[in-house]
Every structure is written in C-alpha cells, then in structure tokens.
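Number of protein chains: 2
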Amino acid sequence: MIRSVSFIGAGNVAWHLAKALKQAGINIVEICSQHLQSAQELATQVNAKAVTLNELNNKSDLYIIAIADDAIVKVAGQVKPKNGIVVHTSGSIGIDTLKICSNNIGVFYPLQTFSKQKNIDLKSVPFCIEGNNSSTEKSLIELASKISNNVNLINSNQRKQLHLAAVFACNFSNHCYQIADELLNSSGLKLDLLFPLIKETASKIETVAPKNAQTGPAIRHDEKVIQEHINLLKDHPDYQNLYKFVTQSIQKSHE
Amino acid sequence: MIRSVSFIGAGNVAWHLAKALKQAGINIVEICSQHLQSAQELATQVNAKAVTLNELNNKSDLYIIAIADDAIVKVAGQVKPKNGIVVHTSGSIGIDTLKICSNNIGVFYPLQTFSKQKNIDLKSVPFCIEGNNSSTEKSLIELASKISNNVNLINSNQRKQLHLAAVFACNFSNHCYQIADELLNSSGLKLDLLFPLIKETASKIETVAPKNAQTGPAIRHDEKVIQEHINLLKDHPDYQNLYKFVTQSIQKSHE
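First to last, the protein sequences are chains A and B. Residues 2 to 256, numbered by the numbering used here, are exactly what the first sequence covers, in order. Residues 2 to 256, numbered by the numbering used here, are exactly what the second sequence covers, in order.
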C-alpha cells in the first residue's frame with residue numbers, strides 16, 4: 002500500500018494531485034522543483050518539505066514525476082529510490098522512459114486540463130493507470146481510487162491514442178470556439194450568446210454518439226448556406242479554408 | 002401585447018416553443034403542418050387545433066413559421082393575417098423574406114439545438130429578436146421574455162454572422178468529438194473517458210477567452226508530439242490532413 006509520496010514537479014498537475022492525495026490521508030514527503038519558490042508554495046499547502054533533486058530521499062513508497070514531457074527523460078536518471086514505485090503523469094510519454102529509475106514503474110495520468118487558479122473536483126477525472134507489473138498496477142489503482150471514481154487501466158499505446166483523441170476533442174474544439182469568438186467580436190456580438198449552445202453540444206454526446214448528433218449546413222448539404230458562409234469569411238482566408246475543409250470532412254465522414 | 006399564436010410547422014423548434022409559450026399563459030390557437038399527424042401530436046399537447054395551410058385563421062396576434070429554411074420562402078406567400086405579426090425562427094434567413102406576409106414582420110430565433118426527445122430549459126436559451134418596426138420588436142421582446150431570461154435584439158446581418166459562428170463552435174466541435182470517438186473505438190477505448198475534459202473545455206471559456214485557454218501540442222509547438230500524432234493517423238488520411246490543417250491554424254492565430 003502506498004502511504005508516502007514524493008513529488009518531482011510543482012506545476013499545475015502536481016499542485017492538484019498533491020493536495021488531493023494529502024486530503025485522502027497520504028503523507029506527502031517532499032516537493033522537488035527547479036523552481037524552489039514553487040516547490041515551497043506547494044510544500045506549505047501539503048505540509049511537506051521543499052527539496053532539490055539532490056536532496057530527494059530514497060524511501061518514499063511512490064515518486065510522481067509531474068513535469069513537462071521533454072524534461073521527464075532528463076530527470077528520470079536522477080530518481081532512483083530503494084524500493085519505491087516511480088510514475089510520470091504524461092499522456093504522450095511511454096512507460097519505458099522510466100526503466101532507468103526502478104523495477105517498479107508506471108503511469109499516473111489524470112486526463113484533465115489543470116490550472117492552479119481553478120479548483121477541479123478530481124472525483125470525476127479519469128485516471129489512466131499503467132504499471133510494469135501487476136503489483137505496481139494494483140498499488141497505483143488503489144491510490145488513484147482514493148481521489149477519483151474514474152480509474153482506468155490503459156496501456157502506453159492506448160494512452161497515446163487517447164492523447165491524440167483529446168487533441169481533437171479539446172484543443173481543436175477550443176480553436177473552433179476561438180474562431181467563433183473572433184467572428185462575433187467583429188460584428189459587435191459576444192461569445193456569451195453561444196455558451197448555452199456550446200454547453201448543450203458538449204453534453205449531448207453523453208447520450209447521443211457525436212456522429213448521430215451532427216446538425217447544421219454541412220451534414221444537410223445545404224449548399225446555399227455553405228456558400229453564404231464562405232462569402233462571409235472572405236476577409237479571413239485561413240478560416241475560410243478551414244470552413245471548407247471541415248465541411249468536406251463532415252460530409253465525407255457521413256457518406 | 003401578444004395573446005394568441007399560430008404555429009406553421011410542428012418540428013423540433015415548434016415543439017419546444019409552443020409548449021413553453023402555452024405554459025407562459027399564451028393561447029396557442031392552431032398548429033399547421035404538411036404532416037397532419039405531427040400537427041395533431043403537438044396540438045394535443047398545447048390544447049390547439051391541427052390545421053392545414055388553407056385552414057389557417059387570420060386573427061392571431063402572432064404567426065410563428067418554424068420550418069426548414071428553404072420552405073420558408075414557399076410558405077410565406079400563404080400566411081397573410083389581418084393585423085398579426087409574422088416571424089420565422091431561422092438563423093440564416095433575412096427578415097425581408099417575410100415582407101409578403103404582413104406589415105409587421107420579424108425574427109424569433111432561439112439559438113439552441115433542439116430534439117423532441119430531449120427537454121431543454123428555455124430560460125437560458127438566447128432568443129435573437131428582430132422586427133421591421135419598433136412596436137413589433139417590442140411585442141416580440143415582451144413575448145420572448147416570458148419564456149427566456151436571455152433575450153437579444155439582433156439584426157439580420159448580425160444573425161448571419163452568429164449562425165456562422167455557431168457552425169464553428171458547435172457543428173465543427175461536434176465533428177472533432179466524432180473523430181475522437183472513432184480514434185478511441187479503434188483502440189478499444191470509449192469516448193466516456195473524454196467527457197470530463199470535453200465538459201471542462203466547454204465551460205472554461207465562460208471565464209477565460211478561448212484564445213487564452215488554448216493548450217496542447219500545437220500551441221506549444223511540440224513538434225515531436227505533433228509528428229507522432231500525424232504518424233498515428235496514417236490509416237486516416239482525411240483526419241491526418243485535418244490534424245495538420247487545424248494545428249497550423251492554431252499556430253497562425255497565435256503568431
């Protein structure tokens with residue numbers, strides 16, 4: 002059973018995880034960060050020590066590396082506990098990157114977008130767990146279940162696919178919101194007008210598959226409206242191209 | 002003041018509007034539809050008569066034409082009340098299409114996606130109102146305010162821009178959800194995993210402008226992850242192109 006955790010990283014993910022684990026009764030031993038001030042801020046919140054990489058103790062049950070993807074490889078070589086498990090929290094890095102750290106390695110990936118300023122109820126956040134052996138997996142699942150009701154065993158290949166899907170569903174959707182925002186602003190309107198529709202679109206897919214939930218001029222092949230929209234976008238050639246491209250993609254995917 | 006309403010159309014929009022107006026104390030006189038059965042179903046719900054276009058009375062205070070865009074033009078010539086206001090509920094049709102009907106014409110556009118099966122609280126739905134004179138506008142605003150707290154005066158040009166923005170924010174986002182769904186299915190995963198992230202992405206923009214809310218590999222110019230994603234999409238050339246296109250659009254719009 003995991004009773005003590007060391008954090009490498011003091012960014013958004015570490016911030017939310019450390020606080021939730023502390024609240025679940027886990028001992029947060031130390032917060033290690035290049036940015037000592039960030040480490041200290043978080044350490045204060047969870048009653049831990051702020052340390053540098055050299056000062057990291059080697060006796061915690063779990064080491065959570067919650068830092069930028071490309072930094073994980075660099076740091077991995079310096080996290081070598083006696084017996085503890087070492088995990089990272091990344092969507093796109095394979096488990097093998099941590100081989101150098103320990104015989105017990107894994108992934109502890111919370112599938113959500115985090116900002117320090119915004120509280121998020123971790124209970125509904127999907128945790129994607131992977132371990133290089135079954136006892137590690139069991140320990141990680143047990144730990145994740147203390148802070149979330151949505152714990153899933155996901156291997157590295159699946160996690161990469163999940164991360165790609167998240168880019169479409171979230172980053173690309175958000176880009177569409179941004180374009181809508183710009184178009185409305187240029188007509189003296191505000192994005193607020195679309196909030197109810199955006200919310201409904203996002204929640205509808207919980208009961209209707211998105212393919213069946215599609216509406217609008219593209220799927221109706223309403224060429225008159227499509228042409229009007231293309232004309233309206235004449236001052237935004239990039240968005241005009243994007244409009245044509247996505248319209249075609251919607252139509253093709255429903256052929 | 003509008004006390005009596007006739008509906009032309011018995012589809013999704015008519016269904017929700019008629020029931021809400023009835024509940025607000027408005028007399029729903031009649032429901033007119035090519036599909037007599039649909040008209041009868043709705044008429045029963047709101048204690049109205051089901052009629053054909055020829056049987057339409059000419060004394061209602063308001064005639065709401067809630068039918069497909071291209072049918073509005075065809076029907077308009079047959080709706081000629083004595084004094085009543087005539088409106089349509091379309092996002093993309095100008096007000097002038099109704100000139101033939103009456104001296105008092107307008108638009109009564111609820112900006113939401115409706116399905117008969119799914120109840121929607123109209124209170125938060127933005128109603129976009131336009132009238133060809135101020136007394137008509139006043140009457141329509143008064144009526145809309147009985148069923149919604151979100152009533153807006155929007156002219157035809159703005160409404161067209163709003164409709165275009167809605168295509169980006171909703172139809173195109175939904176297409177991104179669909180692609181995510183397909184990618185997950187092909188890895189034995191379910192879209193459920195992304196629900197919390199999709200919800201958070203949709204609600205985050207109520208407090209942070211979408212341009213500032215953007216995250217992910219595109220805006221980070223994380224070429225390694227982008228290249229990995231492009232490789233993962235090798236069996237889906239359409240989605241691979243879309244990925245490249247939207248990634249570039251995100252990067253350009255943040256230059």
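Note that the Cβ used here is the ideal one computed from N, Cα and C, for glycine as well. From a predicted model like this one, the values you see are computed outputs, not experimental measurements.
**Asked** Terminal residues of the continuous alpha helix (DSSP H) containing H230/A?
**Response** The count along the first sequence starts at 1 and reaches residue 230/A at position 229. Element bounds for H230/A: E224 to L233.
**Item:** A1/B: contacting residues in chain A (beta-carbon distance under 7 Å)
**Value:** Given that chain B is displayed from residue 2 to residue 256, the structure contains no residue 1/B and the question cannot be resolved.
**Item:** For R4/A and N28/A, the rounded distance between their alpha carbons
**Value:** The residue you call residue 28/A lines up with position 27 of the first sequence. The residue you call residue 4/A lines up with position 3 of the first sequence. Rounded to whole angstroms, N28/A to R4/A spans 6 Å at the Cα level.
**Message:** According to DSSP, A51/A sits in a beta bridge with which residue or residues?
**Reply:** Residue mapping note: residue 51/A aligns to position 50 of the first sequence, counting from 1. Beta-bridge pairing links A51/A to I32/A.
**Asked** Three or more C-beta pairs closer than 8 Å, one from the region 157-175 of chain B and one from the region 90-102 of chain B: is that the case here?
**Response** yes
**Asked** For N58/A, which of K205/A, V74/A, H36/A and I32/A has the nearest alpha-carbon?
**Response** One-based indexing of the first sequence puts residue 58/A at position 57. Of the candidates K205/A, V74/A, H36/A and I32/A, the one whose C-alpha sits nearest the C-alpha of N58/A is I32/A.
**Prompt:** At least one CB of chain B closer than 7 Å to the CB of Q113/A: is that the case?
**Reply:** Position 112 of the first sequence, counted from the start, is the residue given in the question as residue 113/A. Output row for Q113/A: interface = yes.
**Prompt:** Any idea which residues DSSP pairs I86/A with across the strands?
**Reply:** Counting from 1 along the first sequence, the entry for residue 86/A is found at position 85. In the DSSP output, where bridge partners are listed per residue, I86/A has L63/A.
**Prompt:** Do the CB positions of L99/A and A77/A come within less than 7 Å of each other?
**Reply:** Mapped onto the first sequence, residue 99/A falls at position 98. Mapped onto the first sequence, residue 77/A falls at position 76. It is a contact, given that the beta carbons lie within the stated cut-off.
**Request:** Just the chain A side, please: which residues come within less than 9 Å of S93/B by C-beta, in chain order?
**Result:** Here residue 93/B refers to the residue found at position 92 of the second sequence. Residues of chain A passing the Cβ test: P218, D223, K225, V226, E229 and H230.
**Item:** Counted within 10 angstroms of its Cβ, other Cβ atoms place Q24/B as buried (16 or more) or exposed
**Value:** Here residue 24/B corresponds to residue number 23 of the second sequence, with the count starting at 1. Classification of Q24/B: exposed, given that the 10 Å Cβ count is below 16.
**Request:** Below 8 Å on the Cβ atoms is my guess for S174/B versus T202/A; work out the distance and round it to an integer in Å.
**Result:** For this step, residue 174/B is matched to residue 173 along the second sequence. For this step, residue 202/A is matched to residue 201 along the first sequence. About 6 Å separates the two Cβ atoms, so the contact holds.
**Prompt:** Helix, strand or coil: which one does DSSP assign to I180/A?
**Reply:** In the first sequence, the residue the question calls residue 180/A occupies position 179. In this structure, I180/A counts as helix in the three-state DSSP scheme.
**Request:** Compare the Cα-Cα distances from Y110/B to each of C102/B, K119/B, G85/B and I66/B and report the closest residue.
**Result:** Numbered from 1 along the second sequence, position 109 holds the residue referred to as residue 110/B. The residue with the shortest Cα to Cα distance from Y110/B is I66/B.
**Message:** Under DSSP, the beta strand (DSSP E) around L154/B begins and ends at which residues?
**Reply:** As a position in the second sequence, residue 154/B is number 153, starting the count at 1. Note, L154/B: beta strand (DSSP E), V152 to L154.
**Message:** So, with DSSP's three-state summary, where would you put C129/A?
**Reply:** Counted from its first residue, the first sequence places residue 129/A at position 128. Strand at C129/A.
**Asked** If you compare alpha carbons, which of L43/B, P197/B, L154/B and S204/B is closest to A170/B?
**Response** Position 169 of the second sequence, counted from the start, is the residue given in the question as residue 170/B. Looking at the Cα atoms, S204/B is the closest of the given residues.
**Nearest-angstrom Cα separation, counted from I199/A out to N242/B** = Against the second sequence, residue 242/B aligns to sequence position 241. Against the first sequence, residue 199/A aligns to sequence position 198. C-alpha separation (whole angstroms): 25 Å.
**Request:** Kindly indicate the opening and closing residues of the beta strand (DSSP E) around I9/A.
**Result:** Within the first sequence, numbered from 1, the residue matching residue 9/A stands at position 8. Its beta strand (DSSP E) spans residues S5 to I9.
**Prompt:** Tell me, which residues are paired with P111/B by DSSP?
**Reply:** For the purposes of this step, residue 111/B is identified with residue 110 of the second sequence, where counting begins at 1. F128/B, per the DSSP bridge assignment.
**Asked** So who's on the other strand from I206/B, going by DSSP bridges?
**Response** Within the second sequence, numbered from 1, the residue matching residue 206/B stands at position 205. The partner list for I206/B (beta bridge, DSSP) is empty, contrary to what the question assumes.
**Asked** For the alpha helix (DSSP H) that V80/B lies in, which residues bound it at each end?
**Response** Taking the first residue of the second sequence as position 1, residue 80/B is located at position 79. No alpha helix (DSSP H) contains V80/B, which DSSP labels as neither H nor E.
**Message:** Between which two residues does the alpha helix (DSSP H) holding N213/B run?
**Reply:** As a first step, residue 213/B is located in the second sequence; it is residue number 212 there, counting from the start. First-last of the alpha helix (DSSP H) with N213/B: P211 to A214.
**Helix, strand or coil at I199/B according to DSSP, with G and I counted as helix** = Along the second sequence, one-based indexing puts residue 199/B at 198. Of the three classes helix, strand and coil, the one that applies to I199/B here is helix, per DSSP.
**Message:** Rounded to whole angstroms, what is the Cα-Cα separation between T90/B and T137/B?
**Reply:** For the purposes of this step, residue 90/B is identified with residue 89 of the second sequence, where counting begins at 1. For the purposes of this step, residue 137/B is identified with residue 136 of the second sequence, where counting begins at 1. The alpha-carbon atoms of T90/B and T137/B are separated by roughly 15 Å.
**Item:** Option in D62/B, Q46/B, K60/B and Q38/B with minimal Cα separation from V52/B
**Value:** As a working note, residue 52/B is residue 51 in the second sequence. The closest CA to that of V52/B, considering only D62/B, Q46/B, K60/B and Q38/B, is found on Q38/B.
**Item:** Residues within the region 190-208 of chain B neighbouring chain A, beta-carbon criterion of under 9 Å
**Value:** Residues of the region 190-208 of chain B with a Cβ closer than 9 Å to any Cβ of chain A, in chain order: L190, L192, D193, L194, L195, F196, P197, L198, I199, K200, E201, T202, A203, S204, K205, I206, E207 and T208.
**Request:** Have a look at V257/A and S103/A and give me their C-alpha separation to the nearest angstrom.
**Result:** Beyond the ends of chain A as shown, which are 2 and 256, falls residue 257/A; an answer cannot be given.
**Cα-Cα separation, K245/A to I231/A** = The residue labelled residue 245/A in the question sits at position 244 within the first sequence. The residue labelled residue 231/A in the question sits at position 230 within the first sequence. For K245/A and I231/A, the distance between alpha carbons rounds to 8 Å.
**Prompt:** Looking at the unbroken alpha helix (DSSP H) that takes in K1/A, where does it start and where does it end?
**Reply:** Given a span of 2 to 256 for chain A in the structure shown, any question on residue 1/A remains unanswerable.
**Request:** Under the assumption that D70/A contacts K253/B (Cβ atoms under 8 Å), give the Cβ distance between them as a whole number of angstroms.
**Result:** Indexing the first sequence from 1 puts residue 70/A at position 69. Indexing the second sequence from 1 puts residue 253/B at position 252. Not really, about 23 Å apart at Cβ, beyond 8 Å.
**Message:** Beta carbons nearer than 7 Å to chain A: which residues of the region 43-68 of chain B have them?
**Reply:** none
**Request:** Drop a sphere of 10 angstroms on the beta-carbon of E131/B, count the other beta-carbons inside from all chains shown, and report buried for 16 or more, exposed for fewer.
**Result:** What you label residue 131/B is simply residue 130 of the second sequence in a count that begins at 1. Per the 10 Å Cβ criterion, buried.
**Request:** Check distances from the C-beta atoms of the region 160-184 of chain B to those of chain A and list, in chain order, the residues that come in under 7 Å.
**Result:** K161, Q162, L163, L165, A166, A167, V168, F169, A170, C171, N172, F173, S174, N175, H176, C177, Y178, Q179, I180, A181, D182 and L184
**Message:** Closest to S34/A by C-alpha separation, out of A214/A, E56/A, I148/A and G26/A, would be which residue?
**Reply:** What you label residue 34/A is simply residue 33 of the first sequence in a count that begins at 1. It is E56/A.
**Request:** Would you decide whether T248/B is buried or exposed? Buried here means 16 or more other CB atoms lie within 10 Å of its CB.
**Result:** Residue mapping note: residue 248/B aligns to position 247 of the second sequence, counting from 1. Buried.
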